[in-house]
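Enquirer:
Residue numbers (this note's numbering): 56 to 169.
1) Between the C-alpha atoms of residue 127 and residue 115, what's the straight-line distance to the nearest angstrom?
2) Skipping 5 residues on each side, what residues in its chain have a beta carbon closer than 7 Å to that of residue 71?
3) Tell me which residues share the same chain as residue 157 and place their Cβ nearer than 7 Å to its Cβ, disregarding the 5 neighbours each side in the sequence.
4) Assuming residue 92 contacts residue 105 under a Cβ cut-off of 8 Å, what Cβ separation, rounded to an integer in Å, is found between them?
5) In the structure shown, what three-state DSSP assignment does residue 101 receive?
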């Protein structure tokens with residue numbers, strides 16, 4: 056299940072990369088990643104929050120690295136933007152948790168139905 060969650064997390068990050076369309080694909084990334092993780096792990100609806108939590112935990116690493124980098128280099132971001140970055144980072148982690156869970160539940164239900 057950890058490997059499936061890591062794949063879902065990487066799919067969510069990869070959907071941020073395409074220029075211009077990342078405004079559309081980025082918000083859908085955790086849902087699509089959770090869907091692929093759920094189909095790969097064949098999770099039940101009861102176990103889908105585990106996928107979402109693991110994806111959210113994986114999401115903490117890049118956000119923590121960005122916040123740490125911005126606090127180490129004072130010229131990178133002013134202090135108020137660092138606080139905004141931390142608050143938005145928590146929102147992104149929570150969003151990943153919810154959307155990853157929903158995607159895993161949908162993917163698991165679809166694969167078990169076949």
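C-beta atoms are modelled at their ideal positions from N, C-alpha and C, and glycine is treated no differently. In this text, all values refer to a predicted model and were calculated from it rather than measured experimentally.
Expert: With the structure as the only source:
1) The residue given as residue 127 occupies position 72 in the chain shown. The residue given as residue 115 occupies position 60 in the chain shown. Their Cα atoms are separated by approximately 18 Å.
2) Counting from one through the chain shown, the residue named residue 71 turns up at place 16. Result list for residue 71: 77, 81, 84, in chain order.
3) The residue you call residue 157 lines up with position 102 of the chain shown. 86, 89, listed in sequence order.
4) Residue numbering aside, residue 92 sits at position 37 when the chain shown is read from its first letter. Residue numbering aside, residue 105 sits at position 50 when the chain shown is read from its first letter. Actually they are not in contact, since the Cβ atoms of residue 92 and residue 105 sit about 10 Å apart, beyond 8 Å.
5) Your numbering for residue 101 matches position 46 in the chain shown. If DSSP states are grouped into helix, strand and coil, residue 101 belongs with coil.
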